[in-house]
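According to my numbering, the sequence shown is numbered sequentially starting from 1.
C-beta atoms are modelled at their ideal positions from N, C-alpha and C, and glycine is treated no differently.
Bear in mind the structure is a predicted one, so any value in this text is a computation, not a measurement.
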Amino acid sequence: MTALRAAWTRARRLLRDAGPLWTASLALDRTGVPALGLWPRRTFSPDTLTAQVTTILRAWGLPEDHIAVTAEHLLYADRHGIDSHGCAMLLEYHRGVTAGRWNPAPRIETVREGPTTALVDGGGGLGHVPADTAMKLAIAKCRGTGLGAVAVRNSGHFGAAGAYAALAAREGLLGVAMTNTRTPAVVPTFGIQAVLGTNPLAVAAPARRNRPFLLDMATSTVPLGRLLGAWRRGRSIPAGWALDPAGRPVTSPRRAAAFRRLTPLGSSPELSSHKGYGLAAAVEILCGVLPGLRSGGGAGADPRVGHFCLALDPGCFCDGDTFGEDLDILLDSLRSSTPRNPRQPVLVAGDPEYAAKEERLRRGIPLSRGVVEDLRTICRAWEVPFLLEPEAAVRP
Numbered sequence: 001m002t003a004l005r006a007a008w009t010r011a012r013r014l015l016r017d018a019g020p021l022w023t024a025s026l027a028l029d030r031t032g033v034p035a036l037g038l039w040p041r042r043t044f045s046p047d048t049l050t051a052q053v054t055t056i057l058r059a060w061g062l063p064e065d066h067i068a069v070t071a072e073h074l075l076y077a078d079r080h081g082i083d084s085h086g087c088a089m090l091l092e093y094h095r096g097v098t099a100g101r102w103n104p105a106p107r108i109e110t111v112r113e114g115p116t117t118a119l120v121d122g123g124g125g126l127g128h129v130p131a132d133t134a135m136k137l138a139i140a141k142c143r144g145t146g147l148g149a150v151a152v153r154n155s156g157h158f159g160a161a162g163a164y165a166a167l168a169a170r171e172g173l174l175g176v177a178m179t180n181t182r183t184p185a186v187v188p189t190f191g192i193q194a195v196l197g198t199n200p201l202a203v204a205a206p207a208r209r210n211r212p213f214l215l216d217m218a219t220s221t222v223p224l225g226r227l228l229g230a231w232r233r234g235r236s237i238p239a240g241w242a243l244d245p246a247g248r249p250v251t252s253p254r255r256a257a258a259f260r261r262l263t264p265l266g267s268s269p270e271l272s273s274h275k276g277y278g279l280a281a282a283v284e285i286l287c288g289v290l291p292g293l294r295s296g297g298g299a300g301a302d303p304r305v306g307h308f309c310l311a312l313d314p315g316c317f318c319d320g321d322t323f324g325e326d327l328d329i330l331l332d333s334l335r336s337s338t339p340r341n342p343r344q345p346v347l348v349a350g351d352p353e354y355a356a357k358e359e360r361l362r363r364g365i366p367l368s369r370g371v372v373e374d375l376r377t378i379c380r381a382w383e384v385p386f387l388l389e390p391e392a393a394v395r396p
């Protein structure tokens, strides 16, 4: 009876706050009818979203300097079209801080250091500030030696990996950033048990005329957030993205998110999923084994999250602007190569994100109705103002 009363209370709140149509859409979605896709997105200015995120982070007890860094990295994802790693992550963070899985006010410190290397402890909080600290420390070491490599232990989800690699590119350096994840979600080639995270990695390289090359990718066929995004939009997913517990393809994003059995990049042995599996394991070595997170644990252990950041000065290998000029030649040649479809030109890594940023700075950042309602739920739980009512949306 207690569970029924709690469910009824939640339903009444949902009816009051979000209205009967949205409540009915959620009920239909749970029966397998993709009703969420019928709802249009709402578009908000970056300033409005920053204010909402800041309000929530402050309620959670993050220090003010941590709030600024965390909000910046969350909005980086939303500005660049990486919707799965921006405001959409706040519901998962809310669940984590409520359950005591992460520390809102961690002590972040460098626990081991050499001329070109360092190990940073993230204090058991979210990963945005520790990773930002690590990359900036790697950049500082690179200035003096040409190379900086910093690992992070005892951290958490850090958002979009490209944001950290881009910090190095802005300073004229090559940047590499990667992370493992707390909960396994990727099955190995020939396996059906999730044993690795989506383990994303990013590489950024500064050109002279062009915007930096910026590769930001998961080592799974798609990141887990793509499933959640498809679920919120009421869409199915292609066979090959995820499996059920018996190893069969799943096309329902809701079921796929519940099973947490993503395929490695490549999706199947016939399409070379061993490459994605190997990349995921390599990221795990640099982010989990290298900083000592797996000490005392084996396969299936639940280590805390770790990151790895690298900054490299191309001036140690090239004279003057040679690197930037040569990279321009490479990027130009890739973009000018003959496309398979004349209506879709050849792109290079970073182009979609740069285009999304230009569009969203001009027109605003779109959020699905599901994300908006998630943020409403968080604001209600923490008794802070909800700033994303329809009248706050940007008019087209």
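Counting only the Cα atoms, proline 264 lies some 27 Å from alanine 311. Note on geometry: alpha-carbon atoms of glycine 324 and proline 206 lie some 6 Å from one another. Threonine 70 and histidine 128 do touch by the CB rule: their CB atoms are close to 4 Å apart, below 8 Å.
Annotation: alanine 205 is outside any alpha helix (DSSP H); the continuous beta strand (DSSP E) that includes it extends over 201-205.
Using a C-beta cut-off of 8 Å, the region 122-140 makes contact with the region 166-173, since at least three inter-stretch Cβ pairs fall below that distance. A residue is called buried once 16 or more other Cβ atoms fall within 10 Å of its Cβ, and aspartate 319, having fewer, is exposed. A residue is called buried when at least 16 other Cβ atoms come within 10 angstroms of its Cβ; glycine 125 meets this threshold and is buried. By the Cβ criterion, the region 140-147 is not in contact with the region 93-103, since fewer than three pairs of Cβ atoms, one from each stretch, lie closer than 8 Å. Taking a cut-off of 8 Å for Cβ pairs, the region 222-229 and the region 82-92 touch, as three or more such pairs fall below it. At the C-beta level, alanine 280 and threonine 219 come within 9 Å of one another.
Annotation: proline 314 to tyrosine 354 spans about 23 Å, alpha carbon to alpha carbon. With a beta-carbon spacing of about 7 Å, arginine 369 and tryptophan 22 fall inside the 8 Å limit used to define contacts. Taking C-beta atoms as the reference points, cysteine 379 and threonine 55 count as a pair closer than 9 Å.
Where glycine 306 is concerned, the enclosing beta strand (DSSP E) starts and stops at 305-312.
Glutamine 193 counts as exposed, since fewer than 16 other C-beta atoms from the protein chains shown sit within 10 angstroms of its C-beta. Burial state of serine 267 is buried, judged by a 10 Å Cβ sphere holding 16 or more other Cβ atoms. Under the three-pair Cβ rule at 8 Å, the region 28-48 counts as touching the region 352-367. Within the DSSP bridge table, the entry for phenylalanine 386 names no partner. Straight-line measurement puts the Cα of arginine 12 at about 10 Å from the Cα of glycine 19. For arginine 363, the uninterrupted alpha helix (DSSP H) segment begins and ends at 351-363.
The continuous stretches of beta strand (DSSP E) do not include valine 33, and DSSP gives it neither H nor E. Counting the other CB atoms within 10 Å of its CB gives glutamine 344 a total below 16, which places it among the exposed residues.
From the listed residues Asp47, Ala349 and Val53, the smallest Cα separation to alanine 204 is found for Ala349.
Contact annotation: threonine 179 and histidine 80 have beta-carbon atoms that are not nearer than 9 Å. Sequence-distant Cβ neighbours of asparagine 210 in its own chain, meaning closer than 7 Å and more than five residues away, are Asp328 and Leu331. Leucine 227 and glutamine 52 have their C-alpha atoms roughly 24 Å apart.
For leucine 173, same chain residues with a beta-carbon under 8 Å away, outside a window of 5 residues either side, are Ile139, Cys142, Pro206, Ala311, Leu312, Asp313 and Pro314 in chain order. Shortest Cα-Cα distance from leucine 214 to any of Val372, Asp351 and Cys309 involves Asp351. Residue pairing from DSSP places phenylalanine 44 in a beta bridge opposite Ile365.
For glutamate 171, the CB contacts under 6 Å within the same chain, skipping 5 residues up- and downstream, are Ile139 in chain order. For aspartate 78, the enclosing alpha helix (DSSP H) has its first and last residue at 64-79. Between asparagine 199 and valine 250, the gap from beta carbon to beta carbon reaches 9 Å or more. Counting only the Cα atoms, proline 245 lies some 18 Å from serine 273.
Residues of the same chain with a CB within less than 6 Å of the CB of tryptophan 60, apart from the 5 flanking positions on each side, are Val97 and Pro104 in chain order. Counting C-beta atoms within 10 angstroms of its own C-beta, threonine 338 has fewer than 16 neighbours from the protein chains shown and is therefore classed as exposed. By the criterion of a C-beta distance shorter than 6 Å, glycine 276 is surrounded in its chain by Thr219, Pro264, Leu265 and Gly266, once the five residues flanking it on both sides are discounted.
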